[in-house]
Structures are given as C-alpha cells and as structure tokens.
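Heads up: the structure comes next, in structure tokens.
Protein chains: 2
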Amino acid sequence: MQDKVMSIGIVCGLTGLTERQIRYYEERELVFPVRTKGGARKYSFDDVERLKEINSKLRDGFHTFELRKGGRACGE
Amino acid sequence: MQDKVMSIGIVCGLTGLTERQIRYYEERELVFPVRTKGGARKYSFDDVERLKEINSKLRDGFHTFELRKGGRACGE
DNA sequence: CGTGTAAGGAATTCTGACACG
DNA sequence: CGTGTAAGGAATTCTGACACG
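These protein sequences, in sequence, are chains A and B. Take the first sequence: its position 25, counting from 1, is numbered 25 in full-length UniProt numbering, and each next residue is one higher. Take the second sequence: its position 35, counting from 1, is numbered 35 in full-length UniProt numbering, and each next residue is one higher.
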C-alpha cells in the first residue's frame, strides 16, 4: 500500500480533492510523492488516506503547519 | 489490490515489460484494464501479477490463446 | 491561508501501420 | 505469433503567477 504508483489525476478521483489542493499539501510538506523522470508526481494508497485526513482536519479548522508529521503533538 | 489505478508506464516499470507487450496481451484478451475518459489504460496490482505470469508462460512456449482464462472448458 | 484559474510547455499514452518471420 | 518502431494526435501533468482575502 506504500507503493507510489498513482498519478495525481487518479488521486483526485479517490480523494475528491483537486490537483491544486494536493499539490499545495505537498508544498506545505504534508505528503511526499515520488517523481517520475518526467516530473510527474506518484502517490501510494497510504498517501490517499493521508490526503483525505489532511483535508478533513483543514475543514475542522486546523492549519497546514499544524498537520505536519514529526512535529509537536497537535491535533492527533 | 484490484483497484485499477496505474497507468501503463508504471506497469512497465513493475513488470519489466514494454508498452507494446502489455497492449498486445490486452488485444488477446488476457488482461482487462479500465479506461479513463481520455482513453488511458489503468491497471491494478493484480493485473501486474497477471501480466508477469503471462509473459512467463509465453517464454515457456505457450501461446496467448492458451493463456486465456475461462478457456476451452466453457464450450461456448 | 487555502484554493481557483488561465497560460504555455513538456511528458505520457493512444491508435494504426509496416516489419520480421 | 509476439514484439519493435516511427508518426501524429489527444489527454495529462507541470510550474509560476495573479486573485481573493
């Protein structure tokens, strides 16, 4: 489930998020897709779950920097 | 594992096969990827295993029509 | 802050065909 | 038969920016 094999389009379908949101969460260092030679992002099923949780927390009022893993104990 | 989420490029990487081989196996009705709106093939991890086995059998001397599942026992 | 969009480019995938045999 | 390749087109994804607030 940790195989980074899905392109962003499929992830949008599985999460209901837009490409913009998914790329932004990466910019904020909340998810870490791998890149193909061509530069395309590849995600795992675990990433999909993580993305759904991130968006859920944001809708609950959290901020991206509060969701960064490895940080201090926040909204877990 | 049956989620059809991988594009052919990733499948090539996971199986070691070429796009040509993968598309040919579909043409011979050995694997059944789903299609995105744009027409791109999407495969599952199960498909990846199946593809590796197909290629293995072919290298053992079998022919594509002999690898079709639900083959002759069906009797049309 | 988190997300939408238009813009142009680059990488990916598609189909049908010719080739070898 | 099973697979390679060149060809042109269509769909996908990328980045950086402007916008709202």
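All C-beta atoms in this analysis are idealised placements derived from N, C-alpha and C, irrespective of residue type, glycine included.
At 7 Å on the CB atoms, spell out the chain A contacts of residue i, in chain order.
i: serine 44 of chain B; result: Under the 7 Å cutoff, chain A gives no residues; its nearest Cβ is about 10 Å from serine 44 of chain B.
i: phenylalanine 34 of chain B; result: For the record, residue 34 of chain B in the displayed sequence is valine; it is not phenylalanine. Those do not exist, as valine 34 of chain B stays about 11 Å from chain A at its closest Cβ, beyond 7 Å.
Which term fits residue i, buried or exposed, when burial requires 16 or more other beta carbons within 10 angstroms of its beta carbon?
i: valine 11 of chain B; result: buried
i: glutamine 2 of chain A; result: exposed
i: glutamate 76 of chain A; result: Low confidence applies to glutamate 76 of chain A: its pLDDT is 44, below 50, so where it sits in the model is not reliable, and the reading given next is rough at best. Classification for glutamate 76 of chain A: exposed.
i: aspartate 60 of chain A; result: exposed
i: arginine 34 of chain A; result: Here the sequence assigns valine to residue 34 of chain A, which means arginine is not the residue at that position. Per the 10 Å Cβ criterion, exposed.
i: alanine 73 of chain B; result: Annotation note: pLDDT 44 at alanine 73 of chain B (below 50); position unreliable, coordinate value reported separately. Alanine 73 of chain B should be labelled exposed.
i: threonine 18 of chain A; result: exposed
Hey, quick one: how far does the alpha helix (DSSP H) through residue i stretch, first residue to last?
i: serine 56 of chain B; result: 45-59
i: glutamate 19 of chain B; result: 19-27
Taking residue i as the query, report the chain B residues whose CB atoms sit under 7 Å from its CB, ordered along the chain.
i: valine 54 of chain A; result: The residue asked about is misnamed: residue 54 of chain A is isoleucine in this sequence, not valine. Under the 7 Å cutoff, chain B gives no residues; its nearest Cβ is about 19 Å from isoleucine 54 of chain A.
Quick one: which chain B residues come within Cβ less than 9 Å of residue i?
i: valine 31 of chain A; result: Correct list: empty, because the minimum Cβ distance to chain B is about 16 Å.
Identify the contact partners of residue i in chain A, using a Cβ-Cβ distance below 9 Å as the criterion.
i: isoleucine 8 of chain B; result: None at all; the shortest Cβ gap to chain A is about 11 Å.
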